[in-house]
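Reading through the structure tokens given below for one structure.
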Amino acid sequence: MVSWSELSVFALPALALWAVAAVLSLLGKRQRMVCALAICGLLVFGTYIALMWLSLERPPLRTMGETRLWYSFFLPLVGLLTYSRWHYRWVLSFSTLLSAVFICINILKSEIHDKALMPALQSPWFAPHVIIYMFAYATTGTAMLLALWQLLRGQDQMNAIDNLTRVGLSFLTIGMLFGALWAKEAWGTYWSWDPKETWAAATWLCYLVYVHWRRCCPLALRPALLWQIVCFLCLQMCWWGINYLPSAQGVSVHTYGG
Amino acid sequence: MWSKPLGMTEGSLVCAALVAAGLVLQFLVGPVQWDSMACPINLLVLFFLLFGIVVMHLCRSKVRLFRWMATLQAGVPAMVTCAMMTVLMGVTRQVPSGQTPVDIFGITAMLSFWPFVLTYLWLVLLVGMVCMTRLRLLWRNIPFLLNHLGLFIALVAGTLGNADMQRLRMMVQEGKTEWRAVDARHKVHELPIAIELHDFTIEEQPKLSFVSDVTVYTKGGIVVRDTIRVNKPMEVKGWKIYQYSYDEAKGSMSDISIFELVRDPWLPYVYLGIFMMLAGAGTGLIGKGEKEKRINGKLE
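Listed in order, the protein sequences are those of chains A and B. Here the first sequence is numbered in our numbering, starting from 1 and rising by one per residue. Here the second sequence is numbered in our numbering, starting from 259 and rising by one per residue.
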């Protein structure tokens with residue numbers, strides 16, 4: 001059976017397949033070939049997760065290292081879905097790069113593989129909640145980068161920004177509501193306005209403003225692009241900023257040690 | 259201003275007026291008293307909210323203001339104001355829920371801060387109004403209704419139902435039957451259900467587990483015998499009964515068991531709203547983008 005030491009045997013070929021798919025899509029090669037390569041990569045990496053599952057005799061969701069496996073798997077999957085949906089050539093490079101970061105952490109930082117999650121996080125909701133949020137962060141982050149690009153260079157990216165924001169907002173909604181369902185099960189209340197939840201609500205409202213603004217004033221581009229930056233700042237506050245925010249110290253169930 | 263057509267300036271002015279009115283109210287009557295929202299007041303509020311929305315919707319052809327309330331020009335400033343209020347809440351240290359604020363304005367208890375409550379109420383009202391305009395079962399209305407009506411239901415049920423949620427502790431001795439429980443403020447409540455504890459045991463194999471063997475009686479004459487364990491609550495007549503604690507000094511010899519009883523009658527509606535929003539987010543992922551719609555529209 002497999003263990004962590006076999007990770008690179010599976011992860012590096014998978015990464016290579018994704019990288020080739022990303023380069024071919026950048027060069028504008030045939031979509032079918034790009035998708036086939038990306039799917040092969042997913043199969044290789046998925047096999048490793050399945051084998052880990054079998055050898056651990058439990059779903060690999062318990063430790064930080066195990067959840068990173070899932071990020072590394074889902075990022076290229078979602079990248080592929082976005083690519084086949086909207087044909088953005090750059091999206092596979094982006095998802096492959098992010099996935100590579102998580103795979104490298106898992107290969108290099110072997111000492112934290114078995115660091116157990118705290119009991120509150122040992123829930124079947126944990127992985128979907130976090131993975132969905134990670135993907136939302138990735139798509140909305142890309143939207144903000146494109147907004148900056150357009151503000152500075154004047155190149156029209158509105159279509160991509162709108163689509164990414166829409167997908168990101170859908171994932172933010174799902175992640176937030178999964179969090180609510182999880183909280184109900186774990187703490188008995190679905191929403192307790194803990195600092196992380198407050199910032200998640202603020203972020204969600206900001207992206208709602210963006211989406212509605214685009215419908216209401218589709219020609220007012222500059223305010224929309226600047227608002228993307230506001231949204232992104234809220235998101236950063238929600239993601240890691242609250243760990244440093246004086247008003248959130250010691251009262252959030254979402255800050256774990258450190 | 260206020261001349262045809264009503265636009266975003268008026269939307270911003272309404273929000274500014276609501277914040278100002280909220281501040282005045284805060285100084286005159288103090289923080290919002292959510293406890294007084296318990297049944298039947300919340301049902302009354304719900305009735306007036308829905309009634310108001312329906313009446314305003316029906317009068318929309320005569321009253322410009324009501325027509326405008328269902329537009330983006332009214333909605334966007336409301337969303338911006340709510341976002342600002344929420345950010346304000348995020349940067350101020352909040353007192354635990356139910357306590358009085360420790361600052362002069364009341365922003366340390368943001369959920370009871372009138373400007374916060376009024377701006378959210380305004381947003382909910384606008385969402386309700388816009389739902390009315392799309393309340394016909396057409397395919398193209400479904401994602402819209404899942405998103406907007408789902409949010410309306412979840413927010414209204416969550417807010418109005420909060421005061422009806424009961425979370426009580428009940429201590430029962432082996433061989434005795436108990437029907438009284440205490441809330442967080444140590445107030446005793448007599449319940450419509452009673453618990454008889456036959457036996458409390460601590461199982462150590464295969465996994466550490468606390469088990470209460472109980473019979474639950476209800477006023478309607480229902481009798482249920484079952485075991486309650488940690489993570490395996492029992493549900494009787496809308497009450498969820500959790501294994502909470504035992505006499506820890508006596509350990510496995512404990513002859514008492516402490517239960518937590520939770521009742522949240524509005525929960526099914528909150529869940530309905532949440533699942534509608536989840537479905538709405540799902541349709542957002544598989545649905546077509548704006549540009550695609552426009553292009554397809556032209557081609558067709």
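Just so it is clear, CB atoms sit at the ideal spot from N, CA and C, and this is done for glycine as well. Quantities reported herein were computed from a predicted structural model and do not represent experimental measurements.
Same chain, Cβ closer than 7 Å to residue 376 of chain B, neighbours up to 5 away in sequence not counted
So the list reads 276, 279 and 280, once near-sequence residues are dropped.
Beta carbon of residue 76 of chain A nearer than 7 Å to that of residue 93 of chain A:
In this structure, residue 76 of chain A lies away from residue 93 of chain A, with their beta-carbon atoms at least 7 Å apart.
Shorter than 7 Å from the beta carbon of residue 95 of chain A to some beta carbon of chain E?
This model lacks chain E altogether; the protein chains it does include are A and B.
So with CB distances below 8 Å, who are the chain B contacts of residue 212 of chain A?
Neighbours of residue 212 of chain A on chain B, chain order: 330, 333, 334 and 337.
Run through chain A and tell me which residues come within less than 7 Å of residue 369 of chain B, C-beta to C-beta.
Under the 7 Å cutoff, chain A gives 193.
Nearest-angstrom Cα distance between residue 505 of chain B and residue 512 of chain B?
Those two C-alpha atoms are separated by around 5 Å.
Endpoints, beta strand (DSSP E) assigned at residue 437 of chain B:
Under the DSSP assignment, residue 437 of chain B falls in the beta strand (DSSP E) whose first and last residues are 435-440.
Under the three-state DSSP convention, the category residue 452 of chain B falls into:
The three-state reading of DSSP puts residue 452 of chain B in strand, counting E and B together.
Provide the residue(s) that pair with residue 519 of chain B in DSSP beta bridges, ordered along the chain.
Looking at the DSSP assignment, residue 519 of chain B forms a beta bridge with B:426 and B:499.
Opening and closing residue of the beta strand (DSSP E) in which residue 204 of chain B lies
Here chain B covers residues 259 to 558 and nothing more, so residue 204 of chain B does not appear.
Top-ranked residue by Cα proximity to residue 543 of chain B, from A:86, A:46 and A:43
Closest in C-alpha terms to residue 543 of chain B, from the list A:86, A:46 and A:43, comes A:86.
Mind pulling the chain B residues with CB within less than 7 Å of residue 240 of chain A?
Those do not exist, as residue 240 of chain A stays about 14 Å from chain B at its closest Cβ, beyond 7 Å.
Sufficient close CB pairs (3 or more, under 8 Å) joining the stretch 415-427 of chain B to the stretch 357-368 of chain B:
Inter-segment contact for the stretch 415-427 of chain B and the stretch 357-368 of chain B is absent: fewer than three beta-carbon pairs are separated by less than 8 Å.
Inter-residue Cα distance where the pair is residue 454 of chain B and residue 296 of chain B:
Whole-angstrom Cα-Cα distance: 29 Å.
Taking the beta carbon of residue 282 of chain B as the centre, do at least 16 other beta carbons fall within 10 Å, making it buried, or is it exposed?
Residue 282 of chain B comes out exposed.
For the beta strand (DSSP E) that residue 475 of chain B lies in, which residues bound it at each end?
Residues 467-476.
If contacts are defined as beta-carbon pairs under 8 Å, then residue 514 of chain B and residue 431 of chain B qualify, I think. What distance do you get, rounded to the angstrom?
That pair is a contact at about 5 Å.
Which of the three DSSP states, helix, strand or coil, is assigned to residue 480 of chain B?
Residue 480 of chain B: coil per DSSP, three-state reduction.
Candidates B:406, B:493 and B:267, of which the one nearest residue 387 of chain B by Cα:
In terms of CA proximity to residue 387 of chain B, B:406 leads the group B:406, B:493 and B:267.
Could you check which residue in B:382, B:469 and B:494 has the C-alpha nearest to that of residue 478 of chain B?
Nearest option by C-alpha distance: B:494.
Quick one: residues in its chain with C-beta nearer than 6 Å to the C-beta of residue 374 of chain B, no 5 flanking neighbours on either side, listed in chain order?
Excluding sequence neighbours, residue 374 of chain B sits near 343 and 368.
Give the residues of chain B in contact with residue 83 of chain A, contact being defined as C-beta atoms less than 8 Å apart.
Correct list: empty, because the minimum Cβ distance to chain B is about 14 Å.
Are the stretch 48-65 of chain A and the stretch 139-149 of chain A touching, with three or more C-beta to C-beta distances below 8 Å?
As far as the Cβ criterion goes, the stretch 48-65 of chain A does not touch the stretch 139-149 of chain A, which means the pair count is below three.
Could you give the C-beta distance for residue 412 of chain B and residue 528 of chain B, rounded to a whole number, given that I count them as a contact under 8 Å?
Yes, residue 412 of chain B and residue 528 of chain B are in contact; Cβ-Cβ is about 6 Å, under 8 Å.
What's the C-alpha gap between residue 496 of chain B and residue 451 of chain B?
Taking the straight line joining both Cα atoms gives about 10 Å.
Candidates A:171, A:13 and A:196, of which the one nearest residue 540 of chain B by Cα
Comparing C-alpha distances from residue 540 of chain B to each of A:171, A:13 and A:196 shows the shortest one belongs to A:171.
Can you check DSSP and say which residues form a bridge with residue 458 of chain B?
Residue 458 of chain B pairs with B:470.
Considering Cα atoms alone, identify which of A:67, A:186, A:105 and A:157 is closest to residue 128 of chain A.
Restricting attention to A:67, A:186, A:105 and A:157, the CA atom closest to the CA of residue 128 of chain A is found in A:67.
Spatially closest choice to residue 341 of chain B from A:207, A:246, A:220 and A:219, by CA coordinates
Cα-wise, what sits closest to residue 341 of chain B is A:207.
Using beta-carbon positions only, say whether residue 337 of chain B and residue 209 of chain A come within less than 7 Å of one another.
Yes, they are a contact pair.
Tell me the residue span of the alpha helix (DSSP H) that contains residue 184 of chain A.
Unbroken alpha helix (DSSP H) run through residue 184 of chain A: 158-187.
Nearest to residue 222 of chain A (by Cα), restricted to the options A:173, A:57, A:169 and A:158:
Residue 222 of chain A has its Cα closest to that of A:158, out of A:173, A:57, A:169 and A:158.
According to DSSP, is residue 190 of chain A part of a helix, a strand, or is it coil?
Note: residue 190 of chain A maps to coil in three-state DSSP.
Would DSSP call residue 504 of chain B helix, strand or coil?
Residue 504 of chain B falls in the strand class under three-state DSSP.
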